[in-house]
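In mature numbering (1 follows the signal peptide of the UniProt record, and there is no 0), the protein residues as written are -22 to -1, 1 to 571.
From the three backbone atoms N, C-alpha and C, an ideal C-beta is built for every residue, glycine too.
Below is the structure:
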């Protein structure tokens, strides 16, 4: 056998396969190569983060998460704002919805999105990072970085870092810095509670010929020596220091001036260019809807199966530990999937086995253990299909619709099936309790943090409002419409599939009694209930073959557009890969003759 062709073609295949995976994964990213940040994954995270002279701030996100989509422009602008801080701290992102990053995100205990963590310089695998809590606007995140640096400063910092600690005393020793190539030494005087001075120091930290030190108003001797007037109208102040004690005031600001203005003025004066020309772009730049696309007008089996696959592999399996109420919520969720999911025989066998495995667990289980069980239970006869491209939940771009759309579809389907079949179920949640299980899944496992909080807020009085399975079905329908109303026009909305109040008049003309002058809809809930029963009925679930001919997989420009929640993943079994290689080998061999 001539192995030259086999080896050559194998290398070609591996190269193309790797390029394909990288490109497809990038398609589903919320960030691009133009953004001044690192997009990391499990293959390069350790190599980039560990052992470096700078600290790190990392956003762990999920590309389908509405809050992440909405926050991405802010994070991009934040990265631009502190791009000159790289000597001290750099910015990175990790897409936890990428299959290869699930273990990485679980290791760092990321169970909601977006999660932002801070890592000290020369970090190692033993450092799980410090969670950034509270507000996430740019100013607040910058302030949190300053606090992080100050708190850890006594642990020691690399000599290349600028000194953000306040000047303790004024003496001519400070001018020894001139001997180290510093052409200008400056003092920035401010009140102790101000952050702007330390931000100015970091803004200018890339300037090797410039030294800026912070001076606090409480250090009276320094203030006196520098002849600084302390008042709200004269602080903060930036001064150039000279060995002959003839100090020059460069800028004198006041307390009513915001930090951004002060930093911009100083940066432009000393560096000669604008600190940040780029402002936050509109994440919804696609503009007005280009067509009349609405919610899916049918339920597709692939969307339902994708929802189950994603919830098991991308949400539950990401959890660090599952115990207590969270373990009970998991068992209940698996129970309603086993009893009410309208799946094929292989899928139902798989869900039944998974349910039985979890039911026997009395102590806490790890997400890693659950992920392993998902693999171990799968066999040729009982399995859940891997992720495939969305059908009814397909958005105009990968970041739109997808998993959130499919999860709503799944939950509606489960509540309808529970209303129809509860009397036939021997064990597990029945009727209205299925809705409570859904609520608990959202609370403990749904990884979009803001989405989860919004749903829980709507569900505050759910047990008083829902008395039976039909109430549950209608409650979820109303909750979905409330969410649609809240998100209509939001940056997370697909411009080609605008949020509507469902069902539309086109698919259920009798569901609406009338529209009021203030835009509210008066529904005929009896008709809506009948419609939902029919719409989510198992007999009406469609395969991809029934997709409308006009709903093409190719976008308006004729380019292939992937929209799976995890990005297109070119999945080949080892057998398929080997067959491709052998086919290529024989093809080349035939050319010899």
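Burial is judged here by how many other beta carbons sit within 10 angstroms of a residue's own beta carbon; residue 75 has at least 16 and is buried.
By a beta-carbon distance limit of 8 Å, residue 287 contacts residue 363. Their separation comes to about 7 Å. By alpha-carbon distance to residue 434, the top candidate from 443, 446, 417, 450 is 417. 412 is the residue among 127, 412, 98, 466 whose C-alpha sits nearest the C-alpha of residue 446. Following the DSSP letters along the chain, one finds residue 50 inside the alpha helix (DSSP H) bounded by residues 44 to 59. Apart from sequence neighbours up to five positions away, the residues of its chain that approach residue 494 with a beta-carbon distance below 8 Å are 500, ordered along the chain. Note on residue 109: under 16 other CB atoms within 10 angstroms of its CB, so exposed under the neighbour-count rule.
Collapsing the DSSP output to three states places residue 342 in coil. With respect to the 8 Å criterion, residue 69 and residue 50 are not classified as neighbours on the basis of their beta carbons. The beta carbons of residue 73 and residue 7 sit about 6 Å from each other, so the pair counts as a contact at 8 Å. Between the segment 171 to 185 and the segment 138 to 149, the count of Cβ pairs shorter than 8 Å is three or higher; the stretches touch. For residue 512 against residue 502, the beta-carbon gap comes to about 15 Å, at or over 8 Å, which does not count as contact. Annotation: residue 509 to residue 486 spans about 7 Å, alpha carbon to alpha carbon.
Contact check for residue 215 against residue 231 passes: the beta carbons are separated by less than 8 Å. Only residues of its own chain outside the window of five on either side were considered, and among them 180, 183 have a CB closer than 7 Å to the CB of residue 63, listed in chain order.
Within the same chain, Cβ atoms closer than 6 Å to the Cβ of residue 491 are found at 500, 502, the five residues on either side in sequence being excluded. Comparing C-alpha distances from residue 46 to each of 13, 398, 425, 229 shows the shortest one belongs to 425. Contact annotation: residue 352 and residue 336 have beta-carbon atoms that are not nearer than 8 Å. Note that the segment 379 to 388 does not touch the segment 340 to 348; fewer than 3 beta-carbon pairs, one per stretch, sit closer than 8 Å.
Annotation for residue 365: no beta strand (DSSP E) segment contains it, and DSSP assigns it neither H nor E. Relative to the Cα of residue 468, the nearest Cα in the group 92, 48, 388 belongs to 48. Assignment of residue 118 by DSSP, reduced to helix, strand and coil, places it in the helix class. Per DSSP, the continuous alpha helix (DSSP H) segment holding residue 455 begins and ends at 447 to 465.
Residue pairing from DSSP places residue 109 in a beta bridge opposite 95.
Taking a contact to require three or more Cβ pairs closer than 8 Å, the segment 161 to 172 and the segment 194 to 203 qualify as touching. Exclusion of the five residues before and after residue 404 leaves no residue of its chain whose Cβ lies closer than 7 Å to its Cβ. The DSSP-derived three-state label of residue 436 is helix. In chain order, 100, 101, 102 place their CB closer than 8 Å to the CB of residue 29, counting only its own chain and leaving out the 5 sequence neighbours on each side. In this structure, the CA atom of residue 461 is about 12 Å from the CA atom of residue 430. In the structure shown, residue 144 falls within a strand segment according to DSSP collapsed to helix, strand and coil.
Residue 243 and residue 465 have their C-alpha atoms roughly 38 Å apart. The beta carbon of residue 118 sits closer than 7 Å to the beta carbons of 112 from its chain, once the five residues preceding and following it are set aside; these are given in chain order. Contact between residue 201 and residue 208 holds: CB atoms are separated by about 6 Å, below the 8 Å threshold. Judged by DSSP in its simplified three-state form, residue 232 adopts coil rather than helix or strand. Residue state for residue 174 is assigned as helix, using DSSP reduced to three classes.
Below 8 Å, enough C-beta pairs join the segment 33 to 42 and the segment 87 to 97 to call them touching: three or more.
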